[in-house]
Each structure stands twice: as C-alpha cells, then as structure tokens.
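Engineer: First residue of the sequence shown? That's 1 in the numbering used here, and the numbers climb one at a time after it.
C-beta atoms are modelled at their ideal positions from N, C-alpha and C, and glycine is treated no differently.
Please read these numbers as outputs of a predicted model, since none were measured by experiment.
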Amino acid sequence: MLRYLKMAGGCAVAALSACGATDRPVELPTLNGRPTMVLAHRGASGYLPEETVEAYARAIEQGADAIEPDVISTKDGVLIARHDPNLAFSTDVAQHPEFAARKRTLNVDGEMQEGWFASDFTLAEIKTLGGVSTDAERPQEFNGRYKIATIQEVIDMIKKSGRDIALYVETKNPTFHRQQGVPLEDRLLALLAAAGWSGRDAPVFVQSFEPGSLKYLRGKGSTLKLVQLIDADDVDLKTGALTYAAPYDRPYDWAQAGDKRLFSAMVSPAGLAEIKTYADGIGPWKRYIVSVKGTVGADGKVADVNGDGKVNETDAATLPATTLVADAHKAGLFVHPYTFRNEPRRLAADYKGDPKAEYKQFYALGVDGLFSDFADTALAARAEYLKQLGY
Ligand SMILES: [Ca+2]
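#1: Just to confirm, is the Cβ distance from Asp368 to Gly281 under 8 Å?
#2: Confirm the yes/no value for this check: CB of Val302, any heavy atom of ligand 1, distance under 7 Å.
#3: By DSSP's criteria, Phe371 is part of a beta bridge. Which residues make up the other side?
#4: For the beta strand (DSSP E) containing Ser208, list its first residue and its last residue.
#5: Where Gln113 and Thr36 are concerned, what is the direct C-alpha to C-alpha distance, given to the nearest angstrom?
#6: From this set, Glu141, Ser90, Ala348, His177, which residue's C-alpha is nearest Leu129's C-alpha?
#7: Taking Leu237 as the reference, which of Ala303, Ile151, Ile60, Val93 has the closest Cα?
#8: Using the rule of at least 16 other Cβ atoms within 10 Å of the residue's Cβ for burial, across every protein chain shown, is Val235 buried or exposed?
#9: I'd like the span of the beta strand (DSSP E) that includes Leu167, first residue to last.
#10: State buried or exposed for Ser372, treating a residue as buried only when at least 16 other CB atoms are found within 10 Å of its CB.
#11: Taking the alpha carbon of Gly131 as the reference point, which residue from Pro203, Lys352, Ala55 has its own alpha carbon closest?
#12: By DSSP, does Leu242 sit in helix, in strand, or in coil?
#13: Does the Cβ of Asp120 lie closer than 7 Å to at least one heavy atom of ligand 3?
#14: Please state if the CB of Leu123 and the CB of Asp76 are separated by a distance shorter than 8 Å.
#15: Do Thr318 and ligand 1 come close, with the Cβ less than 7 Å from some heavy atom?
#16: Answer yes if the stretch 348-356 comes into contact with the stretch 324-334, meaning at least three C-beta pairs across the two stretches below 8 Å, and no otherwise.
#17: Output the boundary residues of the beta strand (DSSP E) element that contains Met112.
#18: Helix or strand or just coil, what does DSSP make of Pro269?
#19: Can you look up Gly281 in the DSSP assignment and give me helix, strand or coil?
#20: Report the three-state DSSP secondary structure of Val154 (helix, strand or coil).
#21: So, are the CB atoms of Pro251 and Glu210 less than 8 Å apart?
#22: Secondary structure at Glu313, three-state DSSP: helix, strand or coil?
#23: Buried or exposed: which applies to Val296, given that a residue is buried once 16 or more other Cβ atoms fall within 10 Å of its Cβ?
#24: For Gln388, which beta-bridge partners are listed by DSSP?
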C-alpha cells in the first residue's frame with residue numbers, strides 16, 4: 001500500500017535519497033496513510049447560517065478539504081443544499097406571508113411534521129428565502145441575509161476555487177423524496193456527470209443513512225466514493241452505551257422494509273463486511289469511536305459535576321476508544337465520524353474546554369476524515385498534531 005510518508009525534519013519521501021540517516025518515517029494511522037481530511041459540515045456552519053453560499057465560501061477560505069451539502073429537492077426537481085425537507089427548521093419561510101397557505105403537515109420518515117416543505121416550492125420561490133441559524137446559541141445576526149445554495153452553485157464554487165476540494169454530498173431522506181415524486185439519486189448523478197465528476201477519482205463523496213440510496217447509486221454503475229452513515233439517538237451517561245430511539249434507531253428504508261436491526265448492527269464485523277459490498281467508507285457518529293460516561297451519584301442519577309444546573313456531556317469523561325476504526329480499516333473501509341464542534345457546552349469534561357484536544361485524539365485514532373462545524377479549528381489542530389509527529 002502506498003503510504004504518505006514524510007521524514008522527521010520535513011524531508012519528503014520523494015527526496016529520500018537526500019535525507020540524513022537520522023530521519024525516521026512517520027506512518028499515519030489512516031487507511032491510506034494520508035492526513036485526516038477536514039470536512040466542513042454544512043459549510044462554515046459554526047459561524048454562518050448553514051448550507052448558504054456564504055457558509056460554503058467561508059469554509060473554502062478556511063482551507064477545508066471538503067465541503068458538505070445535504071441534498072434535498074425542490075418541487076421542480078432542482079437539488080438544493082439543505083438539511084431538512086421542512087424549510088421551517090433552517091429558513092425564514094415563516095416570515096413570508098405569501099407562503100402562509102403552503103404550510104401543511106407531512107410524514108417525514110415516520111414523523112408527522114408541520115411546516116413548509118421544499119418539495120412544495122419551486123427553486124425561484126426558495127431563492128426568495130433566507131437561511132437562519134439552527135442553533136439558538138450561535139450567532140443570529142446573519143439570519144435571513146443569505147440565500148439557500150443549489151448543489152450546482154456549490155460545485156461551481158469548488159471549481160472556481162481552483163483548489164483540491166471535494167464535494168461531500170448527502171442524499172437526505174431518500175425514501176421520503178421518492179414518496180414525494182422527486183427522487184434524488186438520478187438527478188444527482190446527472191449533475192455530477194455534467195461537472196465531469198463520475199469516476200472513482202472524482203473529488204466527490206456521496207453519503208447516506210439509507211443503504212438503499214447508496215445501493216441504488218452503485219446499481220446504476222456509479223464508481224463514486226460512497227459512505228454509509230451510522231446514527232444513534234444518544235448516549236446513556238450512566239453507562240456510556242449508545243441508545244436507539246426512532247427515527248435515529250435504524251435507516252428509514254430498513255424500517256419501511258420491516259428490517260428490525262438497529263444502526264448498531266452496522267459496526268459489527270459482519271455489518272462492516274456488508275457495507276463493503278456497496279460502499280467505500282463509513283460515517284459513524286463519533287460516539288461509536290469514543291463514548292462518554294458520567295458520574296453516578298448516591299441518588300443513582302448522573303451527577304451535575306460542573307454544577308451548571310444541567311446534566312450533559314460536559315459532566316462526562318471519555319471512555320477508552322472502541323475498535324471501530326481498526327475494524328473498519330481491516331474491512332477496507334475508511335472512517336469519517338461526525339460531528340465536531342467548538343463550543344465548550346458540547347465537549348466532554350476531559351477536553352477541558354479545548355476542542356483541539358478532541359480533534360487530536362481522533363487524529364491519533366486514525367480516522368480518515370471528520371465532519372466539523374469549525375473547519376478552521378480542525379485544521380489548526382491537525383497542523384499541531386502533524387507538527388508533533390515531525391511534519
Ligand atoms: Ca453540568
């Protein structure tokens with residue numbers, strides 16, 4: 001296997017003959033030996049309303065290795081970047097009286113949702129909306145100012161950058177989109193092919209929680225790099241065990257087919273071998289790799305260790321890493337966990353409020369990429385990690 005080797009002291013492998021005898025090669029623990037990729041989750045979503053042109057532009061400026069749009073469809077079949085088909089979650093649609101009558105209740109992956117759905121709007125209509133922050137504790141001053149990006153616009157931004165940046169798309173709610181009469185996969189393949197991106201070496205990753213979506217793409221003969229996402233509902237802070245509750249218990253296409261397995265089935269050796277038949281990598285929630293556990297008090301409840309009145313991961317310590325990275329690598333699958341964030345309120349206690357500590361832990365564990373809302377911090381941590389190794 002070709003390894004990405006550099007010699008301590010900054011001597012590259014290509015210049016091996018010119019290196020001194022004291023130089024030693026450092027082998028990174030990733031599947032291909034290259035540094036972990038930093039994947040800008042929904043663009044620079046820690047700073048700006050997610051999945052807008054501005055959020056992707058910021059992530060490109062930050063130097064991300066890939067930018068991640070979720071893919072949903074408009075009524076007129078245009079693929080746009082948005083996490084949820086329900087526009088109420090991430091746009092100012094509720095402030096547009098001209099669309100008031102468009103509000104309705106719809107079944108999304110088994111959950112009845114009230115709101116405005118992208119599949120009821122044309123692209124021209126959606127372009128009149130502004131993106132808003134989906135996190136009340138992040139900056140709100142940009143709400144409504146930036147337009148929703150189309151996937152074509154994101155592709156154009158990558159090409160215009162002239163840089164080696166990958167497009168990391170997720171087919172969102174694929175079964176739902178088929179039910180709405182606007183299936184995603186063929187349109188996505190056509191869009192990518194028109195960009196000249198159709199082969200294995202294209203700067204593209206396609207991820208999905210639904211195996212059926214990835215299998216459909218493979219069945220169409222696509223050799224693009226495909227990534228099986230692996231979710232869970234939460235962590236039981238008493239034990240560190242992952243919990244499973246709908247709709248985060250299993251892929252929706254499994255639920256539809258009566259397949260009773262949970263997402264957890266995907267991380268067993270048999271599950272990984274099955275994924276390898278139709279995908280190239282996995283995108284697990286990071287707690288499948290490093291979970292967290294709180295302190296149980298005399299009352300049998302998880303203690304509010306830092307005394308902030310809330311019981312959450314900031315009161316919990318990380319557990320030893322699982323074997324998932326090694327197991328997946330053994331199966332020939334790369335590993336891209338999600339989602340890494342800067343806010344102290346989201347960090348386990350032993351990172352002591354320093355998001356770089358969490359990144360460095362995962363880099364050392366050999367993850368091949370990671371999704372971050374703050375690509376700039378992930379990149380800074382990577383530079384420090386590589387420097388420590390002599391790069
Ligand atoms: Ca607390």
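Structural biologist: From the atom records:
#1: yes
#2: no
#3: Leu39
#4: 204-208
#5: 37 Å
#6: Ser90
#7: Ala303
#8: buried
#9: 166-171
#10: buried
#11: Ala55
#12: strand
#13: As for ligand 3, it is missing from this structure, which binds only ligand 1.
#14: yes
#15: no
#16: no
#17: 111-115
#18: helix
#19: strand
#20: helix
#21: yes
#22: helix
#23: exposed
#24: Per DSSP, none; premise fails for Gln388.
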